[in-house]
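Student: Handing you this structure, nothing more for now.
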Ligand SMILES: Nc1ncnc2c1ncn2[C@@H]1O[C@H](COP(=O)(O)OP(=O)(O)O)[C@@H](O)[C@H]1O
Ligand SMILES: [Mg+2]
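Numbering (our numbering), first residue to last: 7 to 267.
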């Protein structure tokens with residue numbers, strides 16, 4: 007059957023498949039990200055979240071299936087559509103010998119964003135992320151959290167309409183996690199659509215409007231975390247086991263507390 011693209015959806019994944027040799031990482035998923043929505047891709051490690059996101063970005067070519075960006079087939083016009091996306095990978099690789107601002111400027115140049123066009127925007131993000139005053143320091147001296155924030159700002163310089171964030175709160179201290187959450191909320195209220203992956207149930211709950219539970223390469227369920235918790239609590243629910251695997255560990259307890267405030 008021919009897939010009918012949905013003009014209203016920021017992002018639509020239709021029957022996506024991806025294997026690595028014998029490993030079937032993603033097994034026919036369908037997913038819609040609405041405009042201005044923060045959608046969580048929630049699942050334990052190895053469930054196929056990063057693979058899915060890389061296919062959305064065009065970094066990995068699906069074995070089958072299609073990605074639509076605002077109704078347009080991404081495989082048909084990849085470069086134009088990619089400009090509408092911003093991406094922070096699970097472990098961002100920054101050029102450590104640059105300063106934070108040099109790195110952001112470097113990325114902005116790649117996207118063709120003129121200095122005058124980005125200056126105010128970058129300053130706003132540096133302030134918001136509490137990095138102002140550190141932007142002229144070498145990235146090699148930054149904490150993990152500061153690097154995460156620089157990666158996030160770099161992904162925002164070209165004003166993407168869709169933001170794809172792979173475990174973007176990992177390595178952040180509670181206060182920074184809170185700042186990132188506030189920034190993401192602000193962007194969503196401006197109409198930016200955000201696909202956010204996490205393996206931590208509580209982070210999804212604190213941040214996302216809606217979540218899709220991913221497990222062993224498929225989407226098991228979709229809804230608000232409250233709705234899914236209720237389903238998981240039902241006797242014999244297949245979600246129960248998945249939820250048990252995603253309970254927050256002690257080291258993210260403080261982050262979750264800050265997020266939930
Ligand atoms: N480059 C790769 N080569 C081989 N197997 C991979 C590769 N990347 C991921 N996988 C496997 O694919 C599955 C899904 O991985 P991934 O998409 O990274 O899941 P998640 O992001 O949810 O942890 C896992 O079994 C993982 O080991
Ligand atoms: Mg991953």
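We treat Cβ as the ideally placed atom computed from N, Cα and C, and that holds for glycine.
Check residue 108 in the structure and name its three-state DSSP category.
Tutor: By one-based count along the chain shown, residue 108 stands at place 102. Of the three classes helix, strand and coil, the one that applies to residue 108 here is helix, per DSSP.
Student: Please classify residue 24: does DSSP put it in a helix, a strand, or coil?
Tutor: Along the chain shown, read from residue 1 onward, the residue named residue 24 stands at position 18. It is a strand residue.
Student: Ligand 2 and residue 89: does any heavy atom of the ligand fall closer than 7 Å to the residue's C-beta?
Tutor: Here residue 89 is taken as the residue at index 83 of the chain shown, counted from 1. Flag unset: Cβ of residue 89 not near ligand 2.
Student: Ligand 1 and residue 125: does any heavy atom of the ligand fall closer than 7 Å to the residue's C-beta?
Tutor: Position 119 of the chain shown, counted from the start, is the residue given in the question as residue 125. Answer for residue 125: no, Cβ out of range of ligand 1.
Student: Once you ignore the five residues that flank residue 33 on each side, which residues in its own chain have a CB closer than 7 Å to its CB?
Tutor: As a position in the chain shown, residue 33 is number 27, starting the count at 1. Excluding residues within five positions, the ones whose Cβ falls inside 7 Å are 23, 223, 224.
Student: What are the start and end residues of each continuous alpha helix (DSSP H) run of 4 or more residues lying completely inside the region 91 to 175, in chain order?
Tutor: 106 to 117, 121 to 134, 150 to 162
Student: For residue 165 versus residue 98, is the C-beta distance shorter than 8 Å?
Tutor: Within the chain shown, numbered from 1, the residue matching residue 165 stands at position 159. Within the chain shown, numbered from 1, the residue matching residue 98 stands at position 92. Their beta carbons are not under 8 Å apart, which means residue 165 does not touch residue 98 by this criterion.
Student: Less than 7 Å between the CB of residue 57 and some heavy atom of ligand 4, yes or no?
Tutor: Ligand 4 is absent from the structure shown, which contains only ligand 1 and ligand 2.
Student: Mind the definition here: the region 167 to 180 touches the region 200 to 210 only if three or more C-beta pairs lie below 8 Å; say whether that holds.
Tutor: yes
Student: Compare the C-alpha of residue 50 against each of 226, 62, 237, 92 and name the closest.
Tutor: Within the chain shown, numbered from 1, the residue matching residue 50 stands at position 44. Closest option to residue 50, Cα to Cα, is 226.
Student: Let me know if residue 81 comes out buried or exposed under the rule of 16 or more other beta-carbons within 10 Å of its beta-carbon.
Tutor: Position 75 of the chain shown holds residue 81. Residue 81 comes out exposed.
Student: If you pair each beta-carbon of the region 13 to 21 with each one of the region 35 to 42, do three or more pairs fall below 8 Å?
Tutor: yes
Student: So is the beta-carbon of residue 51 under 7 Å away from any non-hydrogen atom of ligand 1?
Tutor: Numbered from its first residue, the chain shown carries residue 51 at position 45. Because some heavy atom of ligand 1 lies under 7 Å away, the Cβ of residue 51 counts as near it: yes.
Student: Give me, in chain order, the residues of the same chain whose beta-carbon lies closer than 8 Å to that of residue 248; leave out the 5 immediate sequence neighbours on both sides.
Tutor: If you number the chain shown from 1, residue 248 lands on position 242. 49, 50, 219, 221, 226, 238.
Student: Bridge partners of residue 30, per DSSP?
Tutor: The residue you call residue 30 lines up with position 24 of the chain shown. According to DSSP, residue 30 bridges with 25.
Student: Can we count residue 111 as close to ligand 2, meaning its CB is less than 7 Å from some heavy atom?
Tutor: As a position in the chain shown, residue 111 is number 105, starting the count at 1. Result no, Cβ not under 7 Å from ligand 2.
Student: By Cβ distance below 7 Å, which residues in the same chain neighbour residue 136 in space, the five residues on each side in sequence not counted?
Tutor: Here residue 136 refers to the residue found at position 130 of the chain shown. Answer for residue 136: 185, listed in chain order.
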